[in-house]
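J.: Per the working numbering, the sequence shown runs over residues 59 to 307.
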Amino acid sequence: MHSKRIALVTGANQGIGLQLAKELVANGYTVLVGARDLTKGEAAAASIGSEARALQLDVTVPGSIIAAAARIRSEFGRLDLLVNNAAISHAGAPGRSLAEIMQSTRPSVASLDEVRAVYETNVFGVIAVTQALLPLLREAPAARIVNVSSGLGSLTLVSDPTFPFRSGFDVVYSASKTALNAVTVAFALELESAGIKVNAVSPGFTATALNNFEGTDTLEEGSRAPVWMALDETGPTVTFVGPDGPMPW
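(1) Under a Cβ-count criterion, where at least 16 other Cβ atoms within 10 Å of its own Cβ denotes burial, should Gly262 be classed as buried or exposed?
(2) How do the region 231-242 and the region 286-294 stand: do at least 3 beta-carbon pairs fall below 8 angstroms, yes or no?
(3) For Val296 versus Val259, is the C-beta spacing smaller than 8 angstroms?
(4) Taking all protein chains shown into account, do 16 or more other C-beta atoms lie within 10 angstroms of the C-beta of Ile74, making it buried, or fewer, making it exposed?
(5) Which partner residues does Phe298 have in the DSSP bridge list?
(6) Look at the alpha carbon of Ala127 and the alpha carbon of Ala190, and state the distance between them as a whole number of angstroms.
(7) Please report how far the alpha carbon of Ile159 lies from the alpha carbon of Ala175, in whole angstroms.
(8) Can you list, in chain order, the stretches of the alpha helix (DSSP H) that have 4 or more residues and sit fully within the region 147-190?
(9) Can you tell me which of the three DSSP states Asn143 falls into?
(10) Measuring straight from C-alpha to C-alpha, what distance separates Pro199 and Arg164?
(11) State the Cα-Cα distance for the pair Gly92 and Glu291, rounded to the nearest angstrom.
(12) From the DSSP output, in three-state form, read off Val239 for me.
(13) In terms of residue numbering, what span does the alpha helix (DSSP H) encompassing Thr214 cover?
(14) Does the beta-carbon of Lys62 have 16 or more other beta-carbons within 10 angstroms, so that it is buried, or is it exposed?
(15) Could you check where the beta strand (DSSP E) with Arg129 kicks off and where it finishes?
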């Protein structure tokens, strides 16, 4: 059995996922850098150090998920921390501005094909990966699952006329994060008796590829809450936190 704590971060070859992997390694973890493109995953892992290992993982491909779970069991025998970070904000033409993406994902005009594609990664992918890795999480003494969500997924916040990002709520990315929050609660309630903690975290409006790097927060700022949540081994379960603390579901 591997002596160090083992973490898997999906979508970890760039952005907040990469920063999370770096912080976890710095805090004594061996981190599996999940990436659809293994070459990019290997480059990311090399930039972190010897305790980061690239893992080919496309959360929308069942065979990829099964192979990843088999490799983790073979090499480590357990998983202490799963961070479901992989996400996409749209499935339309690349290179569009954030304003253009927001226009195309309004409820009245959004493509159902795009809704389905985003849900495949942001919702169904999280369920599939979590289900596949639960046997390995059950082998850990204090397993945790962290789902990277968004403040736009909070129905309480977007229902408030004073919420500054209210106009950005759509049926594609935003609604997928609302669904992810529901998935988080469902897993947390089922796994509470097993001692596996499941929580959601919002990085805030961080400049990443998700928003064409038009976010207002730096990567360092946006990574603070996810890093804190990922490293917190003694906190509660069924919580949703953001850069400024607890958030309403």
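Glycine included, each C-beta is placed from N, C-alpha and C at the ideal position. Bear in mind the structure is a predicted one, so any value in this text is a computation, not a measurement.
T.: Based on what the coordinates show:
(1) Indexing the sequence shown from 1 puts residue 262 at position 204. Burial call: buried.
(2) Taking 8 angstroms as the limit for Cβ pairs, the verdict is that the region 286-294 does not touch the region 231-242.
(3) As a first step, residue 296 must be located in the sequence shown, where it is residue number 238. As a first step, residue 259 must be located in the sequence shown, where it is residue number 201. It is not a contact, given that the beta carbons lie outside the stated cut-off.
(4) Your numbering for residue 74 matches position 16 in the sequence shown. Here Ile74 is buried: its Cβ has 16 or more other Cβ atoms, across all protein chains shown, within 10 Å.
(5) By 1-based counting over the sequence shown, the position of residue 298 is 240. Answer by DSSP bridge pairing, in chain order: Ala258.
(6) Taking the first residue of the sequence shown as 1, we reach residue 127 at position 69. Taking the first residue of the sequence shown as 1, we reach residue 190 at position 132. Ala127 and Ala190 have their C-alpha atoms spaced approximately 7 angstroms apart.
(7) For the purposes of this step, residue 159 is identified with residue 101 of the sequence shown, where counting begins at 1. For the purposes of this step, residue 175 is identified with residue 117 of the sequence shown, where counting begins at 1. In a straight line, the C-alpha of Ile159 is about 15 angstroms away from that of Ala175.
(8) 156-162 and 170-177, all fully within the region 147-190.
(9) In the sequence shown, the residue the question calls residue 143 occupies position 85. In the structure shown, Asn143 sits in coil (DSSP, three-state: anything other than H, G, I, E or B).
(10) What you label residue 199 is simply residue 141 of the sequence shown in a count that begins at 1. What you label residue 164 is simply residue 106 of the sequence shown in a count that begins at 1. Taking the straight line joining both Cα atoms gives about 44 angstroms.
(11) The residue labelled residue 92 in the question sits at position 34 within the sequence shown. The residue labelled residue 291 in the question sits at position 233 within the sequence shown. Roughly 22 angstroms separates the two Cα atoms.
(12) Stepping through the sequence shown from its first residue, residue 239 is reached at position 181. As written in the sequence, residue 239 is Asn, which differs from the Val given in the question. In the structure shown, the three-state DSSP call for Asn239 is helix.
(13) Translated into the one-based positions of the sequence shown, residue 214 becomes position 156. From DSSP, the alpha helix (DSSP H) with Thr214 extends over Leu213 to Val216.
(14) Sequence index remark: in the sequence shown, residue 62 carries index 4 (1-based). Classification of Lys62: exposed, given that the 10 Å Cβ count is below 16.
(15) What you label residue 129 is simply residue 71 of the sequence shown in a count that begins at 1. Premise fails: Arg129 lies in the alpha helix (DSSP H), Pro120 to Glu133, not in any beta strand (DSSP E).
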